[in-house]
Amino acid sequence: MWDIVFFILIYGFIMGAIYLLIALGFSLVCGVLRIFHLGYAYIFPLTIYGTWMFMRELGLSMIPSIVCMVILQFIVSYLIYKFIIKKYLHDELTLLTALLLVALIVEQASSWRYPIQEGVYLETTLISGIVEIGSAAIPAQLVTGAIVGLVLTALFALFFTKTKAGLAVRAISQDIDSSRVVGINVESLYILIMMIVLIPVIIGMLLVGPVWMIEPGMGWQYMTIAILVAVLGGLGNIKGTIIASFLIGITHATMCFVVGEPRFMNLSALILVMFILIARPQGIARSESLW
Amino acid sequence: MVDIEIKRDRIVIRYKGKKWDWMIEPRYWRNAIVWTCVLFVFPLVAYFVSPGLINTMVTANIYAAIAIPLSLMTVGTGRINFGPNFYVGVGGYTAALLSIYCGWGPLTTLPFAVILSVFAAVIFSPLVIVARGLYYVLLTLLLPLLFLEVTFIYTGIFKGDVGLFGVDLLVQFENVKLNFIMAAYISTGIMLLYLLIVNKVLKSRYGLIMATVNDDEEVAHGIGVNINKVKILSFVCAAGMIGVMGWFLAHYFGTFAGITYLPLTFMLKILLVFMVGGRAQVFGCVAGGYFIAFLEMILIRTMGQFQPVAFPIILLILLFVLPSGEGLFGIYRKRHYREYLPTIHVRR
């Protein structure tokens, strides 16, 4: 009995911390830009397949390939902001459709150039082997991912609460017009947010890439988790996102260790989200504020 | 008693203080008659020229017949449902399972497909009341994806990996081409019926009430509209109509696989039918359905393996260049009768 509780807590914690990496960016885009960034799913395959592309096509080694991929991500993100988000900010249906199309283009292009038979694999393992915590054996790479997830979230929280730029972003998330009145450069902060939300996803994908499955359509699966976490936490609220990530992580772990059916993971998380939304329609935390 | 009054350009029916108008002036019929004739002649021409085109036409009708109720749902609920394919899945699986396990034919499975789709819509209908903006978009987007997971979890029932096969066909003549022609006419009939119903509803007094809800729920509530009733009715009726298309797909192909209709890619096609065709008029769904289906077919024939990449790129470009909201139908129809566009208020 206590073994199961221990497994649920430890795996729930590890998964929750990794879900934080996946969902933090999505929640921030939703909270600050007040848009539903359906194109978020493109970041996941572009991280893996972009790095692989630089390695295969240009013959670069791992680190330069990752650097080139990060630059590519920044460029794509900027172009998305400039030509889609900025242009259609007030025509939301067109905006969402265009963002979905971008994600689909990246997925299909990855699938066309590097089909699943290509066996794309990035050797980004930082620590190999198994970590034993009590009777639980966890891949060391996932433990590393969890620690990085927590550290990054702490850095984000510090950025938003302690820096001037963070304060300005929080102001924008609450009222754009008033922020403009007090002299905040809203557009440059929008671009900044579009850039920094890439960081947790890129780091997260590079860390879990060697352990979790890689395929061109993986972005939709990860985005499903990001959506569940963001909605449950209250869109854009970092505190809510942290709580929701661990709640979803624990729900997933419960499905694995109590019900014994990992395939119920997302279904159980959705049911949890729906029940919580009925009681608290705005999610766990207030979605009007970032922190 | 029912009072029927025939005027120069319309028939007016009055019953217990309520009034219905039916426009009969032939000059309003011209375009509708021309296009209906084109749709009915097309399969016959294609039969002799290129029979493969009949299949593309059926696909176009299916896209349009899903997008038309989605249009009704969007206006009536004031929210855009990002998971209409969930009801395609419900209708399709109901028809396929009943046909395979009970040996029922298409006509017997149809009412059950509708009932199950409506039942599923009733269960999820509180979403249109409790969730709004981003939350509604997110939750409706997840429904078909989770249904897809269920089909994989209970693969013994749903055959999530390969799909159900052995469903009774819609029509079973010895000549296969004749089967396709019949299916084309049935799909055209369903699509035109949906078009007629939805167009009449949107132009009626009830359509005006729905538009009010779409525009501003608080104001609609303030002027005495029962907004919950309007939203739930629009949601449930449209879901039932979409469920019929699931039934059609199952019996048309003789198979039904959730992996084809439940992922985001299929939903995106429906959304694009709605967007590229034009949101301002329900007829835009037909223009969009035909455009998307024929574009897809042409790209498959000309680009082969590159088609899945080229298809979204072309649609993204179209989204940029077409008149906002009016789409392809806006180019065809210069005068715009409806001044408002259905909106989704995600940022609200």
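Line by line, the protein sequences are chains A and B.
Be aware that the first sequence starts at 517, since it is given in my numbering, and climbs by one per residue.
Be aware that the second sequence starts at 102, since it is given in my numbering, and climbs by one per residue.
Ideal Cβ placement from N, Cα and C applies to all residues, glycine included.
If you're wondering where the values come from, they're calculated on a predicted model, not measured in any experiment.
Check                                                                                                                          : Outcome
Residue(s) in a DSSP beta bridge with B:Asp104                                                                                 : B:Arg115
Proximal chain A residues relative to B:Val231, where beta-carbon distance stays under 8 Å                                     : Leu793, Ile794, Pro797
Segments assigned alpha helix (DSSP H), at least 4 residues, entirely inside the region 243–300 of chain B                     : 256–259
Identity of the residue in B:Phe225, B:Ile254, B:Phe253 nearest B:Thr241 by Cα                                                 : B:Phe225
Element boundaries [beta strand (DSSP E), containing B:Met358]                                                                 : According to the sequence provided, residue 358 of chain B is Ala. The question's Met does not apply to it. It is not in any beta strand (DSSP E) - B:Ala358 carries neither H nor E in the DSSP assignment.
Inter-residue CB distance, B:Val299 and B:Ile125 (contact presumed, cutoff 8 Å)                                                : Not really, about 20 Å apart at Cβ, beyond 8 Å.
A:Glu623: first and last residue of the uninterrupted beta strand (DSSP E) it sits in                                          : Segment 608–629 is the alpha helix (DSSP H) holding A:Glu623; no beta strand (DSSP E) there.
Residue-chain proximity (B:Ser425, chain A), Cβ-Cβ < 8 Å                                                                       : yes
Residues sharing a beta bridge with A:Glu648, DSSP                                                                             : A:Ala653
The alpha helix (DSSP H) enclosing B:Val159, as first and last residue numbers                                                 : 153–178
Amino acids of chain A, ordered along the chain, whose beta-carbon sits closer than 7 Å to that of B:Pro413                    : Leu617, Leu620, Ile621, Gln624
Contacts that B:Ile254 makes with chain A (C-beta to C-beta distance below 8 Å)                                                : Glu777, Arg779, Phe780, Leu783
Chain A contact for B:Met376 (CB, 8 Å cutoff)                                                                                  : yes
Against chain A: residues of the region 235–251 of chain B by CB proximity under 9 Å                                           : Leu235, Tyr236, Val238, Leu239, Leu240, Leu242, Leu243, Leu244, Leu246, Leu247, Glu250, Val251
Residue closest to B:Tyr307, alpha-carbon to alpha-carbon, out of B:Leu173, B:Val150, B:Val377                                 : B:Leu173
Proximity test, Cβ basis, 8 Å: B:Val135 and chain A                                                                            : no
Listed by chain order, chain B residues near A:Ile743 by CB distance under 8 Å                                                 : Leu239, Leu242, Leu243
Beta-bridge pairing of B:Asp122 - partner residues as DSSP gives them                                                          : B:Val113
Any C-beta of chain A under 8 Å from that of B:Ile432                                                                          : no
CB contact below 8 Å: A:Phe552 versus chain B                                                                                  : yes
Own chain residues within Cβ distance below 7 Å of A:Ala687, not counting five before or after                                 : Ser695, Ile700
Beta-carbon neighbours of A:Thr613, restricted to chain B and to distances below 8 Å                                           : Leu369, Leu372, Leu373, Met376, Leu420
When B:Glu319, B:Leu303, B:Asn276, B:Val345 are compared against B:Ser288, the one with the closest alpha-carbon               : B:Val345
Listed by chain order, chain B residues near A:Asp691 by CB distance under 8 Å                                                 : Those within 8 Å of A:Asp691 in chain B number zero; the least Cβ separation is about 13 Å.
CB contact check: B:Val447 to chain A, cutoff 8 Å                                                                              : Any reading at B:Val447 must be qualified, since the residue scores a pLDDT of 47, below 50, and its modelled position is unreliable; the value itself is stated next. For B:Val447, the answer is yes, since a Cβ of chain A falls inside 8 Å of its Cβ.
B:Met102 burial status per 10 Å Cβ neighbour count (16 or more: buried)                                                        : exposed
Contact list for A:Thr740 against chain B, beta-carbon separation under 7 Å                                                    : Leu243, Leu246
Beta carbon of A:Ile792 nearer than 8 Å to that of A:Leu723                                                                    : no
Chain-order list of residues whose beta-carbon lies under 7 Å from that of B:Leu400 (same chain, five-residue window excluded) : Gln408, Ala411, Phe412
The region 181–189 of chain B contacting the region 356–370 of chain B, beta-carbon criterion three pairs below 8 Å            : yes
Cβ-based burial, A:Phe606 [other Cβ within 10 Å; buried from 16]                                                               : Correcting the residue identity first, residue 606 of chain A is His in this sequence and not Phe. Label assigned to A:His606: exposed.
Chain A residues whose Cβ lies nearer than 9 Å to that of B:Gln382                                                             : What B:Gln382 touches in chain A: nothing, since even the nearest Cβ is about 15 Å away.
Min CB distance B:Phe407 to chain A below 8 Å                                                                                  : yes
Contact list for A:Asp607 against chain B, beta-carbon separation under 7 Å                                                    : Ser425
Local conformation of A:Tyr604 per DSSP, three classes                                                                         : coil
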